[in-house]
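*Asks:* What follows is a single structure, and I will ask about it in a moment.
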Amino acid sequence: MKNSQIAMLFGLLFLCLLQIPSSNASFSKTNPIYNVNLAPFIQRLSAYYCLQNTSSNCTGNFILSEKGWLNISNSETNAFCGELGCAQHTLEVLKCVRYVHDEYTFENGATIDNLNDTIHTGCSKGFNGTSLYKSSGTTRSVTATLYALVFLALFYV
Ligand SMILES: *[C@@H]1O[C@H](CO)[C@@H](O)[C@H](O)[C@H]1NC(C)=O
Ligand SMILES: *[C@@H]1O[C@H](CO)[C@@H](O)[C@H](O)[C@H]1NC(C)=O
Ligand SMILES: *[C@@H]1O[C@H](CO)[C@@H](O)[C@H](O)[C@H]1NC(C)=O
Ligand SMILES: *[C@@H]1O[C@H](CO)[C@@H](O)[C@H](O)[C@H]1NC(C)=O
Ligand SMILES: *[C@@H]1O[C@H](CO)[C@@H](O)[C@H](O)[C@H]1NC(C)=O
Numbered sequence: 001m002k003n004s005q006i007a008m009l010f011g012l013l014f015l016c017l018l019q020i021p022s023s024n025a026s027f028s029k030t031n032p033i034y035n036v037n038l039a040p041f042i043q044r045l046s047a048y049y050c051l052q053n054t055s056s057n058c059t060g061n062f063i064l065s066e067k068g069w070l071n072i073s074n075s076e077t078n079a080f081c082g083e084l085g086c087a088q089h090t091l092e093v094l095k096c097v098r099y100v101h102d103e104y105t106f107e108n109g110a111t112i113d114n115l116n117d118t119i120h121t122g123c124s125k126g127f128n129g130t131s132l133y134k135s136s137g138t139t140r141s142v143t144a145t146l147y148a149l150v151f152l153a154l155f156y157v
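Just so it is clear: in the sequence shown, position 39 is 39 by full-length UniProt numbering, and no numbers are missing.
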C-alpha cells in the first residue's frame, strides 16, 4: 500500500470511531436489518452481513457474494428459480441489503436493481450466463470492502 493510502486508512478508522453507534443503538451482525439509518460506513458493513445470510437452497455459483455476479446459465434456470427457492432466498438477501444500504454497489458495479432485474428477467425468460452490472465504480467499492474488513478485524474479532 502507498503511504497516502495508509494515511487515508487511519483517517477512515478515526472517522469510524466517531461513527460507532452509541450503546443504546447496538450493532447487529445476525440481524443486519436492524441496522438502519446508521453512518454510510456502517451501512456498508451491515450490507456485508446481509450477504452472509446463506441458505441450503443456494449452493455453489448460486450464492450471491459481494462480488455481485449471478452468472446463472440457461440450463441452470429451473434449478435456480424452481422449487429449491434459491431465487426467492436471493431476493430476500437483496431486500436486506436495500433496507440497510439503498445505494449499495457490488464489487463488479452491479446495483441492487441490476441484480433484482437479472433475477426477474432470468426467471421469466431464462438466464444466459451473465448478469447486469454497471462497470464503473469497481475500484471504489473494492476499497470500501477492504475498509469494512479492517473495521471488522479491529472491533469485532
Ligand atoms: C428452501 O426453499 C423452500 C421452498 O421455497 C422453503 O420452503 C425452505 O424454507 C427453504 N429452505 C431454506 C433453508 O431457506
Ligand atoms: C435470511 O434469509 C431468509 C430468506 O431465505 C430470510 O427469511 C431471513 O429473514 C434472513 N435472515 C436475516 C437475518 O436477514
Ligand atoms: C425487485 O423488483 C420488484 C419489481 O420488479 C420489486 O417489487 C421488489 O421490491 C424489488 N426488490 C428489491 C430488493 O429491490
Ligand atoms: C443476458 O441477460 C441480461 C440480463 O437479462 C441481458 O441484459 C443481456 O442482454 C443478455 N445477454 C445476451 C447475450 O443475451
Ligand atoms: C460472469 O460473467 C461476466 C460476463 O461474461 C464475466 O466477466 C465474469 O467474469 C463472470 N463471473 C463469474 C464469477 O463467472
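Note that CB positions come from ideal geometry on N, CA and C, so glycine has one too.
1) Assuming Ile-119 and Val-97 form a contact by the criterion Cβ under 8 Å, report the distance between their Cβ atoms to the nearest whole angstrom.
2) Strictly closer than 7 Å from CB to any heavy atom of ligand 1: give me those residues in the order they appear in the chain.
3) Taking the alpha-carbon positions, what's the Ser-73 to Phe-127 distance?
4) With respect to the alpha helix (DSSP H) encompassing Ser-135, which residues constitute its N-terminal and C-terminal limits?
5) For residue 158, is the classification buried or exposed, using 16 other Cβ atoms within 10 angstroms of its Cβ as the cut-off for buried?
6) If contacts are defined as beta-carbon pairs under 8 Å, then Val-93 and Val-36 qualify, I think. What distance do you get, rounded to the angstrom?
7) Under 8 Å by Cβ, that's how I've got Leu-45 and Val-150 pegged, so tell me the actual separation to the nearest angstrom.
8) Taking the runs of the alpha helix (DSSP H) that are 4 residues or longer, which of them lie wholly in the region 94-133?
9) Below 8 Å on the Cβ atoms is my guess for Glu-107 versus Glu-66; work out the distance and round it to an integer in Å.
10) Please write down, chain order preserved, every residue whose beta carbon lies under 5 Å from a heavy atom of ligand 5.
*Replies:* So, from the data block:
1) At roughly 13 Å, the Cβ-Cβ gap does not stay under 8 Å, so Ile-119 and Val-97 are not in contact.
2) Qualifying residues, in the order they occur: Ser-55, Ser-56, Asn-57, Glu-83, Leu-84, Gly-85, Gln-88 and His-89.
3) Rounded to whole angstroms, Ser-73 and Phe-127 show a C-alpha spacing of 5 Å.
4) Element bounds for Ser-135: n/a, residue is neither H nor E.
5) Past the edges of the chain, shown from 1 to 157, lies residue 158, and the structure says nothing about it.
6) In this structure Val-93 does not touch Val-36 by the C-beta definition: roughly 16 Å separates them, more than the 8 Å allowed.
7) Contact between Leu-45 and Val-150 does not hold, since the beta-carbon distance rounds to 11 Å and is not under 8 Å.
8) Those alpha helix (DSSP H) runs which fall completely within the region 94-133 and span 4+ residues are 112-125.
9) Rounded, the Cβ-Cβ distance is 6 Å, consistent with contact.
10) Here the residues close to ligand 5, judged by CB distance below 5 Å to any of its heavy atoms, are Trp-69, Asn-71 and Thr-130 in chain order.
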